[in-house]
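Q: Pasting a structure below so you can have a look.
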Amino acid sequence: MDAKQNQTINAFLLFYIIIACQVGVGIHGFQRVIYKEAKQDAWISVILIFLFAHLIIFVMIKTLEIYQNLDLYEIHQQVYGKIIGNFFNFIYLLYCTFAFFTVSKNYIEVINTWVFPYLNSFLLTISLLLIVIYAFTGGFRVIVGICVISFFFIWWIPPILFFPLTYSNINYLLPIFEDFTSILKGSYAMSFTIVGFEILNIVYPFVKDNERKKVNKFSQLALLTTLGLYLLLMLVALTYFSGEQLSRTVWATLTMFSIIKLPFVERVEIITICLWLIIILPNLCLYMWAAYRGTFHIFKANPRWFYVIFSIIIVICTSLVNTRTQINHINNIFGNISFYIVFIYPLILFIFTLISKKFRKHRVNQK
25 MDAKQNQTIN
35 AFLLFYIIIA
45 CQVGVGIHGF
55 QRVIYKEAKQ
65 DAWISVILIF
75 LFAHLIIFVM
85 IKTLEIYQNL
95 DLYEIHQQVY
105 GKIIGNFFNF
115 IYLLYCTFAF
125 FTVSKNYIEV
135 INTWVFPYLN
145 SFLLTISLLL
155 IVIYAFTGGF
165 RVIVGICVIS
175 FFFIWWIPPI
185 LFFPLTYSNI
195 NYLLPIFEDF
205 TSILKGSYAM
215 SFTIVGFEIL
225 NIVYPFVKDN
235 ERKKVNKFSQ
245 LALLTTLGLY
255 LLLMLVALTY
265 FSGEQLSRTV
275 WATLTMFSII
285 KLPFVERVEI
295 ITICLWLIII
305 LPNLCLYMWA
315 AYRGTFHIFK
325 ANPRWFYVIF
335 SIIIVICTSL
345 VNTRTQINHI
355 NNIFGNISFY
365 IVFIYPLILF
375 IFTLISKKFR
385 KHRVNQK
């Protein structure tokens, strides 16, 4: 399914798309999860997983360049054939749906915990779905526009971190490189937080043909920018909290924001959570859009039926998961699945793509 000319975008917009899809609800409390594995070396774990992500996105782009105007769903059909290809497409469709559910449920939990503790999560789910569907119906370029807007809502975070920095203790970062195995485990745990750049597999055909040489540059720059943000948050959290405090703090970022007291605002973290909807909105829109692309390729689904079925699935799933223990379990499952789909599978697909290309070339030569 070729991208329509009026839906194509310039390559530089990938910078905003990838950042918008990477920065989500995980930023609220990723520090505790990584610290449990890597301790004071958690900041090194962040750097290592991003270095791996730079390699993976390079491999993704090389795979996409071979097929030019095809997205991941169409590449699956080309490489594996229609039946097996659609099987992999269905798995990726489920992954996008699972990602949407995980992001939305985590955000709803934060709202219920910090802002509206007695508000029914069912109403929050419906409200969130209506907002996402409304944005989604505007088309791909509208979603890209939301990504650009959300990018500028992210960059109030670094200045705010000045407040907890005044209480920081740099000795909490010592000793460095204590256990490399633990650092690698921390990187694995961090993979859940930084997934999102895999959306490039679906977005790539919508980049203008004459701009595709710039895709790698802007994609890598987006990852580098996100690395800077996450590394800053991790370093501030490690120096602000003691080890025991950080291991018990579920939402370290929000807790650091809560110490800020302004003459006209008593609780800055509440405003932060409400504004965070603008930041996670493109995240949700892109995953819904990617899921729709999958249903179109597999089932030729009508958009209206897709909205209904997708919404029902999300509402049912969010209704079944309520406690913090259940949400942690869901996050762990998604983290494990996303690591293999986002970080391992692109390498496997690239190998199969090269083999498929070689066989096609051999057949052409025989003819």
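Okay, so the sequence shown: first residue is 25 according to this note's numbering, each after it adds one. The beta-carbon is built from N, C-alpha and C at its ideal position, and this holds for glycine as well.
1. Just to confirm the assignment: which complete alpha helix (DSSP H) runs, minimum length 4, are found wholly within the stretch 101–146?
2. Under DSSP, the alpha helix (DSSP H) around Pro306 begins and ends at which residues?
3. Just to confirm before moving on: does the CB-CB distance between Gly53 and Ala314 stay below 7 angstroms?
4. Would you kindly check if the distance between the Cβ of Leu38 and the Cβ of Ser243 is under 7 angstroms?
5. Per DSSP, what are the beta-bridge partners of Ile33 in this structure?
6. Could you say if the stretch 293–308 and the stretch 72–87 meet the contact criterion of at least three C-beta pairs nearer than 8 angstroms?
7. Does the Cβ-Cβ distance between Thr279 and Ser192 come in under 7 angstroms?
8. With the cut-off set at 7 angstroms, would you say Leu88 and Tyr254 are in Cβ contact?
9. Less than 8 angstroms between the CB atoms is what I'm expecting for Trp179 and Ile294, so what's the real figure, rounded?
10. Excluding five sequence neighbours on each side, which residues of the same chain lie with their C-beta closer than 6 angstroms to the C-beta of Asn130?
11. How many angstroms separate the CA atom of Tyr369 from the CA atom of Leu259?
12. Would Cys309 and Ala159 qualify as a contact pair, given that the criterion is a beta-carbon distance under 7 angstroms?
13. When burial is assigned at 16 or more other CB atoms within 10 Å of the CB, is Trp329 buried or exposed?
14. Less than 7 angstroms separating the beta-carbons of Thr250 and Ile43?
15. Confirm, please, whether the CB-CB distance from Leu96 to Asn225 is below 7 angstroms.
16. Please return the same chain residues whose Cβ sits closer than 7 angstroms to the Cβ of Thr126, not counting the five positions on each side in sequence.
17. Is the stretch 61–69 in contact with the stretch 139–150, if contact means three or more CB pairs nearer than 8 angstroms?
18. Taking its Cβ as the centre, do 16 or more other Cβ atoms sit within 10 Å of Phe176, making it buried, or is it exposed?
19. Would you list, in sequence order, the uninterrupted alpha helix (DSSP H) runs of no fewer than 4 residues that lie entirely inside the stretch 192–248?
A: Answer, in terms of the structure:
1. The stretch 101–146 contains, as complete alpha helix (DSSP H) runs of 4+ residues, the segments 106–138 (chain order).
2. Val292 to Phe323
3. 7 angstroms or more divides the Cβ of Gly53 from the Cβ of Ala314.
4. yes
5. Val231.
6. They do not touch, by the three-pair rule.
7. no
8. At least 7 angstroms separates the beta-carbon of Leu88 from that of Tyr254.
9. About 20 angstroms separates the beta carbon of Trp179 from that of Ile294, a gap too long to meet the 8 angstroms contact definition.
10. Val49
11. Approximately 31 angstroms between the Cα atoms of the pair.
12. The Cβ atoms of Cys309 and Ala159 sit closer than 7 angstroms to each other.
13. Exposed, by the Cβ-count rule.
14. yes
15. Going by C-beta atoms, Asn225 is nearer than 7 angstroms to Leu96.
16. Non-local beta-carbon contacts of Thr126 in its own chain, meaning distances under 7 angstroms to residues more than five positions away in sequence, involve Ile354, Asn355 and Phe358 in chain order.
17. no
18. An exposed status is given to Phe176, since fewer than 16 other beta-carbon atoms sit within 10 Å of its beta-carbon.
19. 204–218 and 224–227
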